[in-house]
Amino acid sequence: MQTEPITEVEVYRATLAACVQAEASDQYKLAKVLRAWVDGSPFSGCPTCHGRAPWRNDPPCSTCNGDGFVPDAD
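Next up, the structure:
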């Protein structure tokens with residue numbers, strides 16, 4: 374399957390959330406398509422927080438600003 378990489382942060386965030394939801398809901402065909410887009414995009418997990426949400430009153434991660442991912446370093 375040939376896909377174009379997602380380069381917009383908002384689109385990547387939404388696609389990643391949909392992919393995680395599809396995987397959790399056992400929608401394997403949809404998850405496979407979404408995962409191809411996610412994996413082919415120029416983003417990777419945050420090296421500081423590893424995508425973990427902050428505790429209730431903690432500030433968001435300073436590296437990814439709470440997104441859980443950062444642009445790939447080229």
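Quick note on the numbering used here: the sequence shown kicks off at 374 and runs consecutively.
Every residue gets a Cβ at the ideal spot worked out from N, C-alpha and C, and that includes glycine.
Which residues does DSSP pair with residue 443 in a beta bridge? The residue labelled residue 443 in the question sits at position 70 within the sequence shown. According to DSSP, residue 443 bridges with 417.
Euclidean distance between Cα positions of residue 430 and residue 439: Residue 430 sits at position 57 when you count from the first residue of the sequence shown. Residue 439 sits at position 66 when you count from the first residue of the sequence shown. Taking the straight line joining both Cα atoms gives about 13 Å.
CB of residue 419 within 8 Å of CB of residue 443, strictly: Taking the first residue of the sequence shown as 1, we reach residue 419 at position 46. Taking the first residue of the sequence shown as 1, we reach residue 443 at position 70. Result yes, Cβ atoms of residue 419 and residue 443 sit closer than 8 Å.
Cβ neighbour criterion (16 or more within 10 Å) applied to residue 401: Along the sequence shown, one-based indexing puts residue 401 at 28. Result: exposed.
Evaluate residue 410 with the Cβ neighbour count: other Cβ atoms within 10 Å of its Cβ, from every protein chain shown; 16 or more gives buried, anything less gives exposed. Along the sequence shown, read from residue 1 onward, the residue named residue 410 stands at position 37. So residue 410 counts as buried.
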